[in-house]
Ligand SMILES: [Zn+2]
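Numbering (our numbering), first residue to last: 27 to 741.
Below is the structure:
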C-alpha cells in the first residue's frame with residue numbers, strides 16, 4: 027500500500043507535524059493554514075492507523091499518535107467547515123441506532139459447503155475438474171476465522187456501507203459500527219485499479235485474549251458469557267451505541283471481492299481481475315487486512331497437505347480458526363462452475379475436528395472462589411471435545427442456568443470456546459425424559475456454612491465471611507497489602523503457610539502471633555501436613571515480620587476500613603466512609619438509608635456494607651482486632667502538615683503516588699482525588715492531567731515536586 031519511499035516521507039511529515047503542534051496553539055491558526063494542516067494530519071494518521079491496525083507494527087509511540095489525533099480533533103472543532111466523513115476522527119459517531127435497516131447485498135452471500143476429510147476434498151476436486159474440463163487446477167487456501175461475516179461497499183474510494191451477513195440475500199446496515207473498526211479503511215485508493223464500486227466480504231473477529239476479557243467483564247456485570255469469539259464479535263457488532271462498539275477492540279479481515287465495476291458499470295471480475303489471488307493483492311495494496319497464512323496450491327494434494335498442517339498448529343494463533351477455505355483461484359473458472367441454491371461450486375470449507383460434543387450433565391457442585399464467589403460447576407459424563415476429554419464445565423451463575431434452563435440429568439451440547447474453557451451451548455430438550463431435576467442453589471457457603479448474599483445488579487452469590495477458609499489466604503494478603511495495613515513480609519508465601527498451618531484462621535489472628543509460634547509451632551505443623559519447612563521464615567525475618575505487624579496497629583481509619591475487604595469498598599470509598607464517621611463502630615451502626623444518601627456511595631455499596639457487618643463472624647473478627655490494639659477510630663495526627671489538603675496530578679520522579687499520599691497522611695495532612703476549594707496544595711509532576719487546569723481556574727496553590735519534597739522534609 028505504501029512504498030518505502032512514501033513511508034519515509036510520511037514519517038518525516040509526522041515529525042514536522044509534531045513540531046508544528048508544539049509551537050502552534052490552535053487559537054492562533056488561520057483557516058487557510060488549518061486547512062493545510064488538517065489534510066496533512068489525516069494523511070499521516072491514516073498511515074499510522076494502517077501500521078498499527080493492519081500490520082500490527084506501529085512506528086510511533088501511542089503518545090505521539092494521541093498528539094496528532096487530538097490536534098486534528100480540536101482543529102475540526104474550531105473549524106467545522108473542514109470536517110469530512112473520511113476523517114479518522116469521524117470513526118465513532120455519537121448517534122445511537124435503534125433499528126438497523128435491512129438492505130440487499132450486491133451479490134448473494136452463500137454459505138460454503140463443508141468437507142471433513144481428505145476424501146471429501148478429493149470428491150470436491152473431481153467435481154471441479156469435471157466442471158471446467160481440465161486436471162490442472164490452482165487453488166487458494168486460507169485459514170477460516172471464526173468471526174461474524176460482513177459485506178463492505180466502497181464507491182469512489184469511500185466506505186459507503188457495511189452490513190451483516192443476514193440471511194445471505196439481505197443484511198443489516200451497521201455502517202456506524204463498522205466505521206469504528208480501525209482495520210477497515212474509511213478511504214481506500216481502489217480507483218487506481220479502475221474500480222469504481224466494489225463489494226468486499228470479510229469477517230469481524232475478536233482475538234482469544236480479548237474474548238476472555240469480555241467474558242470476564244460480562245460475568246462481573248452479571249451478564250451471561252458469550253459461547254465463543256464468534257458470538258462475542260457478532261454481539262458487539264450489533265450494539266446500538268457505536269461508542270460501545272469502539273471499546274470492544276474488534277478486528278477485521280477481508281477475504282473476497284464479490285462485486286467490482288468500473289465507472290462505466292462494466293464488471294471487472296473475470297476480466298481485469300482474473301484471479302482470486304490478484305483480487306487479494308489489490309485489497310492488500312489498498313490498505314485492507316487480508317487473511318494471513320494464505321497460500322496458492324497446485325492440485326488437491328497440496329491443498330490436503332496445507333489443511334493437515336494447519337490443523338496441527340491451529341492453537342498457536344491468537345484467533346480462533348475453525349477450518350480452511352479452499353477456492354478455485356481462476357475467476358473465469360469460478361464463473362463457469364457457478365453455484366447450487368446453497369453453495370458456490372468453486373469453493374469449500376475444510377472443517378477441523380469439531381469443538382462441540384453432546385453429553386449428559388450428571389450433577390452440579392458448588393465451589394467458593396478465592397474472593398468468595400460461589401460458582402456452580404457441572405460434572406459431565408466424560409466426552410471428547412476437539413481432542414480433549416471434558417468432564418467438568420462451569421455454569422457461571424444462577425442467571426446462566428435460568429436462561430438456558432439447565433437441569434441435572436440433561437443432555438447438553440458442550441463447546442470448547444476460545445480453546446480453553448468448556449461451555450454449555452444449549453440443552454437438548456428433545457432428549458428429556460421427565461426425570462431431570464432443577465438445579466437448586468445452596469443457601470449457605472459450601473466452605474464455611476455462612477449465609478450467602480447476592481447483591482443488587484450482581485449475578486453471583488457470594489460468601490462475605492471474613493473467616494471463610496476458602497478465601498482466607500486472599501483476604502490475608504489483601505489485609506496486609508500496601509494500601510491497606512501495609513505489612514511488609516506478609517505476602518503470598520507467608521500467607522500461604524500461615525493459613526495452611528491454621529496458625530491464622532482470620533486476619534485478626536496475625537496480631538496474636540509470637541516468635542514462639544512462628545519459629546517452633548509453624549515448622550512443626552507444616553511437617554505434620556507433609557509440607558516443606560518454611561525456611562524463608564528464619565529468626566531474623568520473623569522478628570521483622572512481627573515488628574511490621576505491630577506497626578500496622580496504628581494505620582488511619584480509612585485504611586482499616588479498606589483492609590476489611592468489603593465488596594465495592596475500594597480505597598476511594600473507604601476514604602469517603604472514614605470522613606463520615608469517627609470509628610468503625612459508628613460505621614457498623616449506621617443505618618443503610620443513611621449510607622445510601624452519601625454522595626459516591628449509593629444503594630449497591632450501602633447494601634454491601636450492611637451485609638458485611640450483619641455477619642456475626644465478621645463482627646467477631648473486628649472485636650478481636652480491637653482487643654489486639656488495632657486502632658479502629660480516628661485520631662488527629664498533630665503533624666507539620668495538619669490542616670493541609672493535598673492533591674496530586676502527573677507522575678512524581680522520586681516516589682509513587684501512593685507513597686506520596688502516605689507521607690502526607692503520616693505528617694497529619696490529608697489527600698484527596700478531586701479538585702475543590704478545600705485543596706490547599708496541588709502537587710504537579712510529569713505530564714499533569716486535567717486537574718491542573720481546574721486547579722488553575724480555582725486559583726489554588728500549585729507546587730512542583732521539589733517544593734513538595736521540602737514540605738515533607740525529604741530535601
Ligand atoms: Zn464461606
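We treat Cβ as the ideally placed atom computed from N, Cα and C, and that holds for glycine. Small disclaimer: the values here were computed from a predicted structure and weren't measured.
N-terminal and C-terminal residue of the alpha helix (DSSP H) that residue i is part of
i	result
residue 734	731-737
residue 229	It is not in any alpha helix (DSSP H) - residue 229 instead sits in the beta strand (DSSP E) that spans 223-231.
residue 495	495-506
residue 325	325-339
residue 723	716-724
residue 261	255-263
residue 100	88-104
residue 686	683-692
residue 382	Run containing residue 382: none in the alpha helix (DSSP H); it sits in the beta strand (DSSP E), 382-394.
residue 743	Since the first residue shown for the chain is 27 and the last is 741, residue 743 is missing from the structure and cannot be characterised.
residue 73	57-75
residue 150	144-158
Nearest-angstrom Cβ-Cβ length linking residue i and residue j, presumed shorter than 8 Å
i	j	result
residue 390	residue 434	6 Å
residue 285	residue 225	4 Å
residue 492	residue 644	5 Å
residue 177	residue 227	6 Å
residue 353	residue 166	5 Å
residue 697	residue 673	7 Å
residue 234	residue 370	That pair is no contact at about 30 Å.
Local Cβ density within 10 Å of residue i, reported as buried at 16 or more and exposed below that
i	result
residue 236	buried
residue 8	Look at the range of the chain in this structure, 27 to 741, and you will see that residue 8 is not part of it.
residue 186	exposed
residue 538	exposed
residue 442	buried
residue 156	exposed
residue 262	buried
residue 727	exposed
residue 318	exposed
residue 75	buried
residue 360	buried
residue 254	buried
residue 436	buried
residue 700	exposed
residue 180	buried
residue 229	buried
residue 316	buried
residue 203	buried
Residue j beta carbon less than 8 Å from that of residue i
i	j	result
residue 288	residue 221	yes
residue 620	residue 481	no
residue 376	residue 333	yes
residue 479	residue 637	yes
residue 691	residue 582	yes
residue 240	residue 258	yes
residue 440	residue 380	no
residue 578	residue 512	yes
residue 525	residue 555	no
residue 587	residue 598	no
residue 251	residue 467	no
residue 28	residue 73	yes
residue 392	residue 279	no
residue 682	residue 710	no
residue 668	residue 628	no
residue 522	residue 499	yes
residue 329	residue 138	no
residue 508	residue 684	yes
residue 397	residue 497	yes
Where the beta strand (DSSP E) through residue i begins and ends
i	result
residue 295	It is not in any beta strand (DSSP E) - residue 295 carries neither H nor E in the DSSP assignment.
residue 460	Premise fails: residue 460 is in no beta strand (DSSP E) and is neither H nor E.
residue 663	Where residue 663 is concerned, there is no enclosing beta strand (DSSP E), given that its DSSP letter is neither H nor E.
residue 189	184-190
residue 170	164-171
residue 280	277-287
residue 130	128-130
residue 449	447-453
residue 594	Counting along the chain, residue 594 falls outside any beta strand (DSSP E), and DSSP gives it neither H nor E.
Any non-hydrogen atom of ligand 2 within 7 Å of residue i CB
i	result
residue 470	Absent from the structure shown: ligand 2. Ligands present: ligand 1.
Which residues count as close to ligand 1 when the rule is a CB under 7 Å from any of its heavy atoms, in chain order? 394, 398, 471, 473, 474, 476, 489, 491, 494, 496, 497
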